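Structure, as structure tokens:
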Amino acid sequence: MGYKWGKIGKLVIMVLACVLTSTQGHTQVRKGLHWSKDGNAYYQLEGGNIIKYSLPTFSKDTIVRKSQLLNEKGAPLKVKDFEFSEDGSKLLVYAESKKVWRYETRGNYWLFELASKQFHQLGKGLPPSSMMFAKLSPDAAQVAYVSQHNLYTENLTTHQIQQLTQDGTDRIINGTFDWVYEEEFDCRDGFRWSPDSKQIAYWQIDARKIRNFLLINNTDSIYSYTTPVEYPKVGEDPSVCKIGVVSIASGETKWMGIPGDSIQHYIPRMEWVQPGQLIVQQLNRKQNESIILLANASTGVATPIYTETNKAWIDIKSRWDKDDPTGWEFINKGKSFIWVSEKDGWRHIYTITIDGKKETLLTKGDYDMISLESIDQANGFVYFTASPTNATQAYLYRVPLNGSGKLELISPTNQKGVHRYDVSPNGSFASHQFSNHYTTPISEWVSLPKHLVVKESAAKPVEHRDNLVEMIQVTTADGITMDGWMIKPENFDSTKKYPVVFYVYTEPGSSTVADSYGKANTFLYGGNMAADGYIQISLDGRGTPVPKGAAWRKSIYRKVGVINVRDQAMAAKKIIEWPFVDKNRIAVWGWSGGGSTTLNLLFQYPDIYQTGVAIAPVASRLTYDNIYEERYMGLPQENREDYIQASAITHANGLKGHLLLVHGTGDDNVHYQNSELLINELVKYNKDFQLMSYPNRTHGLREGDGTLMHLVTMFTKYIQTNCPGGGR
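With my numbering, the residue at position 278 of the sequence shown is 1569, and numbering never jumps.
Structure (structure tokens):
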């Protein structure tokens, strides 16, 4: 049962992957393939070279060589990303990137002319690595980008730079977004070229009235200093948000007349319909009313065409489309668009005419679509993933765009588990990944719709039906059936009793259970937990974003920290009745929202859980950001009692067992303030606990030499000491 580090590289990857999908209200953005315009080829960066692979033969053509992409010092660029112009004549190259909060979204850009082989840097005279979201105009004559919260264009013939906005500051944000829009709406790229290349539509966020939250740095200098983060706490007014259209010729901006108070609403989506016309989604502050508007780019007049309301909340697009969370999908030459709604109790795909007068349901039935994959207009189909009979799995389906056909399964019927796809724009090819809890992953290429393999996976799938992972279901005394995974100990003896370590998240931001290989694990444990004699379990209860219908997901409204916590506890109560479970050795742990759940379980159900590790928890619901909390909990001005009841600090007096509290003092997402508020409560009630604060580390605790190893070592020893492994 001794501690061992194991293979550090694999562990680091697992930790980062899990942390990035377990943050309080945020999920990592998946970057899709660089498809060719016709969908019959894709581009890939290999060894610094940009390669084109033609399908289905996979013939390889080097489009740009590494030796052609050199910086001013003659050194090869470390290319982060690239984009071809519409006509394929120009290549935009992104390198020397820097982080903005979560992602490396600012850096430097270069332009490569494929015919002349000329290569030059853009944005000359701007601060190094300050450019964001550069994109070529549709006519490939210009490029636009953001630098220091102002919008610029650059003529690709004369290389003349034009500054289109003049008012950008640290708080007047043009063409990109503030902290909370990025964190909770997945909004980053904040401007769009018009189809005729004559105008740019852009978001402006005015965060001047958003108060700073100060992160205190005590270690990087003799005197401490603060790092301010504009952070709207729950109950505080949002930033002002506007949509402007700037003329490239005149440099003048026309503001769109979005109805209502510009402070008390959000604009998470916007796109051009055609030259001179925009389509915009407006959410009210509670996020339970969505209005779609058409805006005249010349007059600024915005006309509502479609309204939807919900008793709980209306999900944002990134829930089902992480590749393009702020954009739009038009069909029928712009006469209609794709819309996703839960208004009939299931997440379904609709088409809506551009005037908003006619809608057509495409995905009929009692099931949820999971993710939008591709729209094949030529053949009249929309591709998406769903799993009508098993919420832990995912399969590719298609239905006709005219709403007349039936659901058609595309994934192979003999591959039960989780399928992931990146479908070509023409719907003819797809990159396909598959695994389940006992089958190692495959990654292959298929042709659609017959799902014929055109290039096999380099790694053959291996079935481990004798492995220790089981997919389980637990039905509680409340009649709630929860999906889960379980890993039994090695050399399991059913006549003995073993400890259980539960991994939890439970909030609307993420789920922990999927029938995919490697999903089941206790990723912070530094060794072989099964060999050390532990049962490991994770369960998805009500409120988690799984495909079980809107009622399942939205039952948590105004009850985060209540319903989800009860579901976990009632499931654990059933599990400790199993004859091979030692009810006196029950541990629970989680990160972010999972840390919050861990605290509530320890405090509210101390007769079930004796040991807990809470990492970066929200101890008080009144400390987190407004977009996340108000979406799921309502406004504290109206129902503050719900926030009080949901907060772990309210129940701190209930602690009887062992608690390890872990938090980074530089966490800009879930502030260290949460742990300090909790410490005060625990001290007040004379509760014994252990604290580990990591100076200046952020929410993922990834910074600083030795941090990961220290966290893993501490976590492992704490579990082993307070919840010893092995059958008894």
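Just so it is clear, CB atoms sit at the ideal spot from N, CA and C, and this is done for glycine as well.
Every value quoted in this text rests on a predicted model; they were computed, and no experiment measured them.
Does the beta-carbon of residue i have 16 or more other beta-carbons within 10 angstroms, so that it is buried, or is it exposed?
i     : result
I1513 : exposed
K1351 : exposed
N1441 : buried
N1705 : exposed
V1631 : buried
L1890 : buried
Y1976 : exposed
A1677 : buried
T1767 : buried
D1528 : exposed
R1560 : buried
S1313 : Its pLDDT being 40, under 50, S1313 is placed unreliably by the model, and the measurement read from it follows with that caveat. Buried: at least 16 other Cβ atoms inside 10 Å.
Nearest-angstrom Cα distance between residue i and residue j?
i     : j     : result
P1419 : A1431 : 24 Å
K1295 : A1822 : With a pLDDT of 37 at K1295, under the threshold of 50, the modelled position of this residue cannot be trusted, and the question is left open.
E1395 : A1939 : 34 Å
L1815 : N1855 : 23 Å
L1324 : H1942 : 48 Å
Q1572 : S1581 : 7 Å
G1548 : A1586 : 8 Å
Y1712 : E1967 : 44 Å
F1869 : M1861 : Residue identity check: residue 1869 is Trp in the sequence provided, not Phe. Approximately 14 Å, taken between the alpha carbons.
Y1333 : G1379 : 13 Å
G1261 : D1667 : Any answer about residue 1261 is impossible in this case: the structure gives the chain only from 1292 up to 2019.
G1817 : T2007 : 6 Å
V1974 : I1826 : 33 Å
Q1495 : I1539 : 17 Å
Q1359 : K1343 : 16 Å
S1846 : F1621 : 32 Å
S1665 : K1865 : 42 Å
D1858 : G1945 : 18 Å
S1376 : K1707 : 40 Å
L1447 : S1438 : 18 Å
T1600 : L1893 : 37 Å
H1639 : Y1985 : 44 Å
N1503 : K1357 : 44 Å
So residue i and residue j are supposed to be a Cβ contact under 8 Å. How far apart are they, rounded?
i     : j     : result
L1951 : Y2009 : 5 Å
F1403 : V1355 : 6 Å
V1525 : A1492 : Not a contact, Cβ separation roughly 30 Å.
A1588 : G1567 : 5 Å
S1627 : T1644 : 5 Å
Y1808 : H1728 : 6 Å
G1800 : G1881 : Not quite, the Cβ-Cβ distance comes to about 12 Å (not below 8 Å), so this is no contact.
W1484 : K1389 : Not confirmed; about 24 Å, so no contact.
L1830 : G1775 : 4 Å
For residue i, which residues does DSSP report across the bridge?
i     : result
E1377 : Paired residues: none, contrary to the question.
W1484 : I1491
D1372 : Y1385
N1331 : According to DSSP, which records beta bridges pairwise, N1331 is partnered with nothing at all.
E1735 : H1723
F1403 : L1382, F1410
K1351 : Y1344
Can you name, in chain order, every residue of its own chain whose Cβ lies under 7 Å from the Cβ of residue i, other than the five neighbours on each side?
i     : result
M2005 : M1983
P1691 : G1671, F1672
D1784 : G2018
H2001 : none
D1873 : K1788, Y1789, P1790, R2019
K1947 : P1897
V1391 : R1397
G1840 : G1636, W1637, D1659
A1498 : R1462, I1464, D1469, E1521, S1530
Y1934 : R1912, L1913, M1924, P1927
S1515 : I1507, N1508, N1509
G2016 : M1292, P1790, D1823, G1824, Y1825
T1353 : N1340, I1342
For residue i, which residues from the same chain have a beta carbon less than 8 Å from its beta carbon, with the 5 sequence-adjacent residues on both sides left out?
i     : result
F1720 : G1330, N1331, L1346, P1347, V1714, W1736, V1737, S1738, L1739, V1745
K1577 : W1604, E1921, R1922, G1925, L1926
D1553 : Residue 1553 is actually Ser in this sequence, not Asp. Cβ neighbours of S1553 beyond the five flanking positions: V1531, C1532, K1533.
G1416 : I1452
N1930 : R1849, M1924
G1656 : W1637, P1679, L1698
Between which residues of its own chain and residue i is the CB-CB distance below 6 Å, once the five residues before and five after are set aside?
i     : result
G1886 : A1905, I1906, A1907, P1908
D1477 : S1609, P1616
Q1555 : R1576
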